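Step one of this worksheet: look at the structure below.
Number of protein chains: 2
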Amino acid sequence: MSIQRCCPPKRVIRTDYSEDAAFFQALADEHRLAIVASLAQTDGEICVCDFTDSLPLNQPTVSHHLRILRESGLVTSERRGTWVYYSLAPDAKRRLQQSLRAIFEGRVLA
Amino acid sequence: MSIQRCCPPKRVIRTDYSEDAAFFQALADEHRLAIVASLAQTDGEICVCDFTDSLPLNQPTVSHHLRILRESGLVTSERRGTWVYYSLAPDAKRRLQQSLRAIFEGRVLA
DNA sequence: ATAAACCATCGATGATTGTCAATATACGCT
DNA sequence: AGCGTATATTGACAATCATCGATGGTTTAT
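So this is what it looks like as structure tokens:
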């Protein structure tokens, strides 16, 4: 007898998830998560100096993580005088939830 | 005059987010997201052979991604005869949402 | 027993990442 | 102009990662 198939062939989704993956990639570091959580649970902004003071990382490393978060669009920065302040992007939470929904329930069409 | 501080010092959260980071790390790849999405949007399980057929990856690479998802606890696997079937872990979505909540609203205490 | 199919593991390779010291840039104060 | 502080960038390095060919284990069919 011919080899039976494993099962009625299931549809493997071919959607392009690279944008969502980049999003999760930005969150895939404990220190970046601490930064995002600090921004989310404080109202307003946080000075870079507070991060360099509190995180167990050297200043260039903090700057590196902040850049990754900035380029992901999850946070924004603003220089005022000597200091630079970071804030959570207004739609950060919504965009993450949308990514989760896209994965678990399918992309919501416009 | 002495140098002024940047601002009233903001609390930077010192929670350990390494578990959540590992979670997001597992999702930080477009092909793994496609696998999770396929499992989430199909009822039941999907045979490994369907993934190797459909994903633009060779069989060892598919196996590699499945292993990462398995070890993260997001999916489970079961061998039946020649074939191995993967399913979404029942609490996968809930655990991810909990991580998001931990970040944006603070950890929920037991 | 043999063959064939499915899947996991191993080993290698190139790419990416997290980290830091050193340096550069931007700003405020004198 | 010159100095000191804050932040970003650069360059280097070790570690991790995604990918694939080769191999091995397991199961089914003959």
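Chains as they are written, first to last, in numbering that gives the first Met the number 0: chain G, 0 to 109; chain L, 0 to 109. Just so you know, even glycine gets a beta-carbon here, dropped at the ideal spot from N, CA and C. Please read these numbers as outputs of a predicted model, since none were measured by experiment.
Three-state secondary structure assigned by DSSP to residue i
i: residue 60 of chain L; result: helix
i: residue 1 of chain G; result: Interpretation of residue 1 of chain G is limited by its pLDDT of 45, a score under 50 that renders its predicted location unreliable; the figure taken from the coordinates is listed afterwards. Three-state result, residue 1 of chain G: coil.
i: residue 51 of chain L; result: helix
i: residue 45 of chain L; result: strand
i: residue 28 of chain L; result: coil
i: residue 35 of chain G; result: helix
i: residue 106 of chain G; result: coil
i: residue 122 of chain L; result: Summary: the structure shown does not reach residue 122 of chain L, with chain L confined to residues 0 through 109, and so no result is reported for it.
i: residue 73 of chain G; result: coil
Chain-ordered neighbours of residue i on chain G, where CB pairs are closer than 9 Å
i: residue 86 of chain L; result: What residue 86 of chain L touches in chain G: nothing, since even the nearest Cβ is about 11 Å away.
i: residue 40 of chain L; result: 10, 12, 102, 103, 104, 105
i: residue 73 of chain L; result: Those within 9 Å of residue 73 of chain L in chain G number zero; the least Cβ separation is about 11 Å.
i: residue 76 of chain L; result: None at all; the shortest Cβ gap to chain G is about 13 Å.
Listed by chain order, chain L residues near residue i by CB distance under 9 Å
i: residue 67 of chain G; result: Going along chain L, no residue has its Cβ under 9 Å from residue 67 of chain G, so there is no contact; the nearest lies around 12 Å.
i: residue 56 of chain G; result: Near residue 56 of chain G there are no residues of chain L at all, since even the closest Cβ is about 11 Å away, more than 9 Å.
Within chain G, partners of residue i - CB distance below 8 Å
i: residue 29 of chain L; result: 15, 16, 17, 19, 20
Within chain L, the residues that residue i reaches when beta carbons sit closer than 8 Å
i: residue 37 of chain G; result: 9, 10, 11, 12
i: residue 96 of chain G; result: 99
Expected contact under 8 Å - CB spacing of residue i and residue j to nearest Å
i: residue 80 of chain G; j: residue 40 of chain L; result: So it is not a contact: roughly 50 Å between Cβ atoms.
i: residue 54 of chain L; j: residue 86 of chain L; result: Not a contact, Cβ separation roughly 17 Å.
i: residue 31 of chain G; j: residue 68 of chain G; result: 6 Å
i: residue 71 of chain L; j: residue 21 of chain L; result: 7 Å
i: residue 98 of chain L; j: residue 15 of chain L; result: With 8 Å as the limit, residue 98 of chain L and residue 15 of chain L do not qualify as a contact, their Cβ atoms being about 13 Å apart.
i: residue 102 of chain L; j: residue 36 of chain G; result: 5 Å
Chain-ordered chain G contacts of residue i [CB-CB under 7 Å]
i: residue 49 of chain L; result: 8, 9, 11
i: residue 24 of chain L; result: 27
Contact list for residue i against chain L, beta-carbon separation under 7 Å
i: residue 62 of chain G; result: The premise fails here: residue 62 of chain G is roughly 15 Å from chain L at the closest Cβ pair, so nothing lies under 7 Å.
Distance cut-off 8 Å: residue i Cβ against heavy atoms of the ligand ATP
i: residue 77 of chain L; result: The ligand ATP is not part of this structure, which contains no ligands at all.
Inset, instruction - Decide if the stretch 23-34 of chain G is in contact with the stretch 19-34 of chain L; the criterion is three or more beta carbon pairs, one per stretch, under 8 Å apart. - result: In short, these stretches touch, since the Cβ pair count reaches three.
Legend entry - At least 3 beta-carbon pairs within less than 8 Å: the stretch 70-85 of chain G vs the stretch 40-50 of chain G: yes
Legend entry - Segment contact, 8 Å Cβ cut-off, at least three pairs: the stretch 3-23 of chain G with the stretch 2-11 of chain L: no
Legend entry - At least 3 beta-carbon pairs within less than 8 Å: the stretch 89-105 of chain L vs the stretch 44-64 of chain L: no
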